[in-house]
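The structure is reproduced here in structure tokens:
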């Protein structure tokens, strides 16, 4: 990619501003642990919502979203349900409120709030810390692969180098430089720097996204797009099979569908729903989402934060994704994506389209925005990861009486160590799709069962949580050997039910073969959190002590809001897609559904929020 001087200046100025703001905010973060990891619970919900949106706008995810839209068309809007993307709606409707009522510092500390400080609570706490660290390292490896591949496409210098017999590729060198800059301000400024820089980065990303979307809109026509894609590409709906035939236009796209294993999309969709309900009800994995919940001023502000995130994130992000995709479909020669093995690397569509079809100045702004996307997501993860090590290992088990400055200083060392480990795994190699599948299909499968029960069932104890998590992680370790022995090739999403069964059995056996948790711990959790679910015996004891206590009877309303919220979020994804490809009838229907769902959420969710 050839960058004009103006592009390099824009990128350089962006990096200086980001690092400068992050370091300037660092003076606020060094006062104590609460300031370093949660910014003293002093940041308004709308800033946290923008920060959360920025943290979800990562380069790796954007590259793969462009590849999905290129190959699968509008049907690609369903694929993020693999995560599931609508876990944000569960958080918005009720889980963020429940979580924030705990008033703790980290997700692992919340485990002690739920299960107490006995042996069951302690081993559950340790399991959560270990899982949090694994998640952080896994995502960092995923980010390294994405930012390295992306940077090589647009930065003009060859930085490959050999040191002591070990060769760093051009991709690896760029990834290390950008990660070092991000680590610098995150390490120094903690959560203040993460949120402050992410708000700036989000504004840059939004402007860049709108520019690219409009460039594509005015540079292509509906006829050009239709001529480049197979029948059904512009439809959201599907049957048992995906229903796309690229054979007469781009056979390599058919090969990509086969490689992904998405031909039988109807079956895959059922698995997405099965996983999605349980994974969403489990709540956030112990990472940056949980940190932002605990960093809000109140439970209702935590819910509002998650309501804002899809509003401000979806339209600009998918407007850009659709714009990049149609530019590539209309103007790109597929031979330019050929890899050494002869196949097409669809993850290169995004950087290639920027290189060829975005002009000077605009190109620099867009690249700065995508760098911002990477830096914000990476910063959020490493700040959250160090919180678990310092607060939940060192402070809890080693030294709970150290000065606050020692905890903050230790956070610097831990952040650096986590980054180095994540980089080491990232340099091993692989593709972004494979890393995505492993994280969302396997790691999340080990997490779900224990974390659903912890909210809704009083009898579920610390031992059940620990053995559920341990069984799930054991399943992750055994799955490759099991599939090899049975001569099976299963997608990560297809492995999810097996891992869920592992974790479910471990959870139930660990729980039912041991005694219930301390009654006082359960009553305190129930009174403070006020969850719905199977809490009858504890509810009766709480009422006996405090007749004024009000039971949570909002299950029906919450489920209604979940259904409406998922439809609402989906419209925010497809509206920019339909706009860019000029599918105006589908656009009109989507806008109408969005407006109707917004009115329902205003009446049955926003107006009824309480702390």
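In my numbering, the protein residues as written are 9 to 619.
For glycine and all other residues, C-beta sits at the position ideal for the given N, C-alpha and C.
Remember, it's a predicted structure, so these values are computed and weren't measured experimentally.
What's the call for residue 37, buried or exposed, on a 16-neighbour Cβ count within 10 Å? Reliability of the predicted coordinates at residue 37 is poor, the pLDDT of 49 falling under 50, and the value obtained from them is presented with this limitation in mind. It counts as buried.
Just to confirm the assignment, what range does the alpha helix (DSSP H) spanning residue 231 have? 230-236
Whose C-beta lies closer than 8 Å to the C-beta of residue 531 among residues of the same chain, with five residues either side of it excluded? 546, 549, 550, 553
Between residue 322 and residue 108, is the Cβ-Cβ spacing less than 8 Å? no
Considering only residues of the same chain and omitting the five flanking positions on each side of residue 563, which have a CB-CB separation below 6 Å? 540
Beta-ladder partner(s) of residue 465, from DSSP: 542
Residue 332: first and last residue of the uninterrupted alpha helix (DSSP H) it sits in: 307-339
What did DSSP end up calling residue 418 once you bin it into helix, strand or coil? helix
Have a look at residue 303 and residue 230 and give me their C-alpha separation to the nearest angstrom. 46 Å
Please list, in chain order, all residues of the same chain as residue 582 whose beta carbon is under 7 Å from its beta carbon, the five residues on each side excluded. 82, 85, 244, 598
Just checking my contact of residue 515 with residue 457 at CB under 8 Å: how many whole Å lie between their CB atoms? 5 Å
Residue 333 and residue 74 closer than 8 Å at C-beta: yes
What is the DSSP secondary structure of residue 620, reduced to helix, strand or coil? This structure cannot settle anything about residue 620, because the visible part of the chain is limited to 9 through 619.
Using only the alpha-carbon positions, how far apart do residue 189 and residue 614 sit? 39 Å
With a Cβ-Cβ cutoff of 8 Å, do residue 335 and residue 311 count as a contact? no
Where residue 142 falls: helix, strand or coil (DSSP): helix
Starting from residue 514, follow the alpha helix (DSSP H) in both directions and report where the run begins and ends. 500-520
To which residues of the same chain is residue 426 closer than 8 Å at the C-beta, ignoring the five residues directly before and after it? 141, 144, 145, 148, 390, 393, 394, 397
Are the Cβ atoms of residue 187 and residue 429 separated by less than 8 Å? no
Taking the alpha carbon of residue 320 as the reference point, which residue from 254, 214, 251, 480 has its own alpha carbon closest? 214
For residue 240, which of helix, strand or coil comes out of DSSP? Reduced to three states, the DSSP call for residue 240 is coil.
Quick one: measure Cβ to Cβ for residue 379 and residue 19, integer angstroms, because I've assumed they're closer than 8 Å. Yes, they are in contact, since the Cβ atoms of residue 379 and residue 19 sit about 7 Å apart, within 8 Å.
Which residue's Cα is closest to the Cα of residue 117: 27, 269, 404, 288? 404
Endpoints, alpha helix (DSSP H) assigned at residue 558: Unbroken run through residue 558: none, as it is neither H nor E.
Close Cβ partners of residue 616 (< 7 Å) along its chain, the five nearest in sequence each way excluded: none
In the DSSP assignment, the alpha helix (DSSP H) including residue 488 goes from what residue to what residue? 470-493 is the span of the alpha helix (DSSP H), which, as asked, contains residue 488.
Would you call the stretch 121-137 in contact with the stretch 517-528, where contact means no fewer than 3 C-beta pairs closer than 8 Å? yes
Length of the line joining the Cα atoms of residue 424 and residue 482: 28 Å
Look up residue 65 in the DSSP assignment and say whether it is helix, strand or coil. coil
Residue 98 and residue 289: beta carbons closer than 8 Å? In contact: residue 98 and residue 289 (Cβ atoms closer than 8 Å).
For a test of the three-state rule: what should DSSP assign to residue 523, helix, strand or coil? coil
Quick check: the stretch 490-507 against the stretch 275-288, are at least 3 beta-carbon pairs closer than 8 Å? Yes, they touch.
Are residue 269 and residue 584 close, meaning C-beta to C-beta below 8 Å? Inclusion of residue 269 and residue 584 in the CB contact set at 8 Å is not warranted, their separation being larger than that value.
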